[in-house]
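S.K.: This structure is in structure tokens; I'll ask about it shortly.
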Amino acid sequence: MDELELLKKDWNKSDDHHKKLSGKEIYPMLHKKSSSTVKMLFYISIAELFLWIIINTIPYIISTEYREKLNEVYANETLMTWLTIVSYGIILLFIYLLFKSYKSISVTDNAKKLMESILRTRKIVKYYVLYNLVVAGISLIFGFYHTIHYDPAIAAEIKDFSDKQMFMAYVIMTVFSILFIVVIWLFYKLIYGLLLKRLNRNYKELGKLEV
Amino acid sequence: MKKEEEQRFVALLEEHQNIVHKVCRLYTNNYEAHNDLFQEITIQLWKAYPKFRGDSKFSTWMYRVGLNTSITLYRKSKRRISTQDFDNVAFKIKTETYDDTEEQQLKALYAAVRNNLNDIEKALVFLYLEDKDYKEISDTLGISEVNARVKMNRIKTKLRTLLNP
């Protein structure tokens, strides 16, 4: 006999494998905390959004020197004001998108659709992280450039550099920038890799035959 | 209002709880894990309950939420100390003396389903055991009927080779 038919026969006749729970036992379950992947995903995403906001604002709060410098820059350049407005606009946009896609995750969809909406939510965070990495990279490069060319103390120092020394300085700065970005990227890979491993595997398995 | 809805939901779940237990039976292999998954499915059902409009049967709706939770949302709890449960051991012994009795055969079957099939395959087996046709299976999982059929045949072959080495 077919293995599954045998299983089916048993499946339907045995209803008492697990003790029946009473309403009283079910009731408190409704208010327990969920430990679902999506919830974790959402919490981590929110934490990320705030992390980047904090990273951007901490130097402003802590260092008075930096604040003064920044105020000076802002007073002179409308460009910087616009950049700030745009960057906060982008953060708000991401928060909106994340919230919207989180809301669209519905357990009552079919399994494939559900997985797709979870992965879509994840993608939004991925773009946000990517955006931040690019901005961080550009800022680093500009920062270095600005320091070399406009900071009087540094400029005086490197004035006597030979071509070789100058080259080395550039290499070190580049390596440092790349390292910084790679470390952050790895960190994200780790968090989401662990969280979404099973989901990714199941998603692939589901669509395996449909090309 | 909320209180009433809670009572109504609990009554419904109490009546149909067997479906959730059955899902847990395929996806977990010990008592602790079973209860954890039951708990998580209950939360997901309750969260989705406001969206349940009664246009499908409560039981059908439960299949979806139960399987979706098992396949996509559920994070296996860390406090499960041993995944090497008694069924696993039983499976090893039973395969040697496979022809003994139907009961032993069944035990080996359950063990094979739990330990050797992936999450998607378990969902297919579950729906198959619940006597769903391929239309409903493909609707629930979001795949084509052809895909569902091919997968089902593969599962059958897989189980056959597992149990008749």
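Same order as they appear, the protein sequences are chains Y and C.
In this text, residue positions in the first sequence follow full-length UniProt numbering: the first is 1, and each later residue adds one.
In this text, residue positions in the second sequence follow full-length UniProt numbering: the first is 1, and each later residue adds one.
Cβ atoms here follow ideal geometry from the backbone N, Cα and C, with glycine treated the same way.
#1: Please return the same chain residues whose Cβ sits closer than 8 Å to the Cβ of Glu102/C, not counting the five positions on each side in sequence.
#2: List, in chain order, every chain C residue whose beta-carbon is nearer than 9 Å to that of Phe111/Y.
#3: With respect to the alpha helix (DSSP H) encompassing Leu93/Y, which residues constitute its N-terminal and C-terminal limits?
#4: Let's test the definition: count the other Cβ atoms within 10 Å of the Cβ of Val20/C and tell me whether it reaches 16, buried, or not, exposed.
#5: May I ask which residues mark the beginning and end of the alpha helix (DSSP H) holding Lys47/C?
#6: Could you check where the alpha helix (DSSP H) with His31/Y kicks off and where it finishes?
#7: Measure from the C-beta of Leu194/Y to each C-beta in chain C and report whether the shortest distance is under 7 Å.
#8: Any chance you could list the alpha helix (DSSP H) runs of at least 4 consecutive residues sitting entirely within the stretch 87-163 of chain C, in chain order?
#9: Just reading off the alpha helix (DSSP H) that Ile118/Y is part of, what are its end residues?
#10: In terms of alpha-carbon separation, which member of Ile55/Y, Leu4/Y, Ile181/Y and Tyr192/Y lies closest to Leu130/Y?
#11: Does Thr28/C come out as helix, strand or coil in the three-state DSSP assignment?
#12: Taking 6 Å as the cut-off, is the C-beta of Thr81/Y nearer than that to any heavy atom in the ligand ADP?
#13: Taking the Cβ atom as the reference point for each residue, do Ile105/Y and Ser117/Y lie within a distance shorter than 7 Å?
#14: Anything in chain Y within Cβ reach of Glu40/C, meaning under 8 Å, just list it in chain order.
#15: When you compare each of Ser144/C, Val146/C, Lys47/C and Arg64/C to Leu127/C by their alpha carbons, which one comes out closest?
#16: Just reading off the alpha helix (DSSP H) that Ser59/C is part of, what are its end residues?
#17: Going by other Cβ atoms of all chains shown within 10 Å of its Cβ, with 16 needed for buried, is Tyr128/Y buried or exposed?
#18: Does any residue of chain C bring its CB to less than 7 Å from the CB of Asn202/Y?
#19: Taking only the alpha-carbon atoms, compute the straight-line gap between Met152/C and Glu121/C and give it to the nearest angstrom.
#20: Going by alpha carbons, who is nearest to Asn68/C out of Tyr110/C, Leu37/C and Leu117/C?
#21: Listing by chain order, which chain C residues have their CB less than 9 Å from the CB of Gly23/Y?
#22: Taking buried to mean at least 16 other C-beta atoms within 10 Å of its own C-beta, is Leu98/Y buried or exposed?
#23: Apart from the five residues just before and just after Ile155/C, which ones in its own chain have a Cβ nearer than 8 Å to its Cβ?
#24: Do you know offhand how far Glu68/Y's Cα is from Ile62/Y's?
#25: Please check if any C-beta of chain C sits within less than 7 Å of the C-beta of Val102/Y.
#26: Could you tell me the distance, in whole angstroms, from the CA atom of Phe42/Y to the CA atom of Lys189/Y?
#27: With contact counted as at least three CB pairs below 8 Å, one residue from each stretch, are the stretch 147-157 of chain Y and the stretch 23-40 of chain C in contact?
#28: Could you check what DSSP says for Arg80/C in three-state terms: helix, strand or coil?
M.R.: Checking against the coordinates, here is how it stands:
#1: Taking the second sequence and counting its residues from 1, the one referred to as residue 102/C is at position 102. Taken in chain order, the list of residues that qualify is empty.
#2: Within the first sequence, the letter at position 111 stands for residue 111/Y. Contrary to the premise, residue 111/Y reads as Ala rather than Phe in this sequence. The answer, in chain order, is Arg64, Leu67, Asn68, Ile71, Thr72, Ile120, Ala123, Thr140, Leu141, Gly142 and Ile143.
#3: Walking along the first sequence from the start, residue 93/Y turns up at place 93. That run of the alpha helix (DSSP H) goes Thr78 to Lys103.
#4: Counting from 1 along the second sequence, the entry for residue 20/C is found at position 20. Buried, by the Cβ-count rule.
#5: Counting from one through the second sequence, the residue named residue 47/C turns up at place 47. Tyr31 to Ala48 is the extent of the alpha helix (DSSP H) around Lys47/C.
#6: Along the first sequence, read from residue 1 onward, the residue named residue 31/Y stands at position 31. No alpha helix (DSSP H) holds His31/Y; DSSP gives it neither H nor E.
#7: Within the first sequence, the letter at position 194 stands for residue 194/Y. Not an interface residue.
#8: 102-116, 119-129, 134-141 and 145-163
#9: As a first step, residue 118/Y must be located in the first sequence, where it is residue number 118. Annotation: the continuous alpha helix (DSSP H) that includes Ile118/Y extends over Ala111 to Tyr150.
#10: Indexing the first sequence from 1 puts residue 130/Y at position 130. Nearest C-alpha to Leu130/Y: Ile181/Y.
#11: Within the second sequence, the letter at position 28 stands for residue 28/C. Thr28/C: coil per DSSP, three-state reduction.
#12: Judged by which ligands are present, the structure shown has none, so any question about the ligand ADP falls away.
#13: Here residue 105/Y is taken as the residue at index 105 of the first sequence, counted from 1. Here residue 117/Y is taken as the residue at index 117 of the first sequence, counted from 1. Contact: yes.
#14: Along the second sequence, one-based indexing puts residue 40/C at 40. Residues of chain Y passing the Cβ test: Ser34, Ser35 and Ser36.
#15: Within the second sequence, numbered from 1, the residue matching residue 127/C stands at position 127. Residue Arg64/C is the option with its Cα nearest to Leu127/C.
#16: One-based indexing of the second sequence puts residue 59/C at position 59. Where Ser59/C is concerned, the enclosing alpha helix (DSSP H) stretches over Phe58 to Asn68.
#17: Sequence index remark: in the first sequence, residue 128/Y carries index 128 (1-based). Buried, by the Cβ-count rule.
#18: Within the first sequence, numbered from 1, the residue matching residue 202/Y stands at position 202. With 7 Å as the cut-off, Asn202/Y counts as an interface residue toward chain C.
#19: Counted from its first residue, the second sequence places residue 152/C at position 152. Counted from its first residue, the second sequence places residue 121/C at position 121. Their backbone Cα atoms lie some 8 Å apart in a straight line.
#20: Against the second sequence, residue 68/C aligns to sequence position 68. Looking at the Cα atoms, Leu37/C is the closest of the given residues.
#21: Within the first sequence, numbered from 1, the residue matching residue 23/Y stands at position 23. Near Gly23/Y (Cβ distances below 9 Å), the residues of chain C are Gln7, Val10, Ala11, Leu13 and Glu14.
#22: Against the first sequence, residue 98/Y aligns to sequence position 98. Looking at its Cβ environment, which holds 16 or more other Cβ atoms inside 10 Å, Leu98/Y is buried.
#23: Position 155 of the second sequence, counting from 1, holds the residue named residue 155/C. Leu117, Glu121, Leu124 and Val125, listed in sequence order.
#24: In the first sequence, the residue the question calls residue 68/Y occupies position 68. In the first sequence, the residue the question calls residue 62/Y occupies position 62. When rounded, the distance between both Cα atoms is 11 Å.
#25: The residue you call residue 102/Y lines up with position 102 of the first sequence. Just to set this straight, residue 102/Y is Tyr in the shown sequence, not Val. Not one chain C Cβ lies under 7 Å of Tyr102/Y.
#26: Residue mapping note: residue 42/Y aligns to position 42 of the first sequence, counting from 1. Residue mapping note: residue 189/Y aligns to position 189 of the first sequence, counting from 1. For Phe42/Y and Lys189/Y, the distance between alpha carbons rounds to 16 Å.
#27: no
#28: By 1-based counting over the second sequence, the position of residue 80/C is 80. Note that Arg80/C scores 48 on pLDDT, short of 50, meaning its location in the model is unreliable; the coordinates nonetheless yield the value given after this. Coil, per DSSP.
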